[in-house]
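All remarks here apply to the structure that follows.
Residue numbers (this note's numbering): -18 to 98.
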């Protein structure tokens, strides 16, 4: 059974920081692309950041220079360090795994991030 379990969300003031974690089980973690998405009410889910098995990274323009994605393959964990948070970063953040060669992907349950002004 595959599980992606996020943690680290919460309430923070604008300009503050949070670190999200996602622990994966049931997949060969090191062979998966790991992503963080977010989805605000009434909006489409958007890709925030991704990291490949070789640790190449990609970021949405809106978070470049503020967010950092990383992974620890020994711990089956992907992180999203979020600095200089803005109220518009408020939403639910989702962890996602993707292994294109097997056409398999999984989602976590999401963690709420709220940034107060």
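Cβ atoms here follow ideal geometry from the backbone N, Cα and C, with glycine treated the same way.
- Sixteen is the threshold: since fewer than 16 other Cβ atoms of the shown chains lie within 10 Å of the Cβ of residue 38, the residue is exposed.
- Across the structure, residue 24 and residue 73 are spaced so that their CA atoms are roughly 11 Å apart.
- In this structure, DSSP gives residue 80 an extended state, which the three-state scheme calls strand.
- As computed with DSSP, residue 71 is found in no beta bridge at all.
- Beta-carbon to beta-carbon, residue -10 and residue 94 are separated by about 5 Å, close enough to satisfy the 8 Å threshold.
- Your pair residue 40 and residue 48 checks out as a contact, with CB atoms roughly 6 Å apart and the cut at 8 Å.
- Per the coordinates, the alpha-carbon of residue 71 lies some 13 Å from the alpha-carbon of residue 27.
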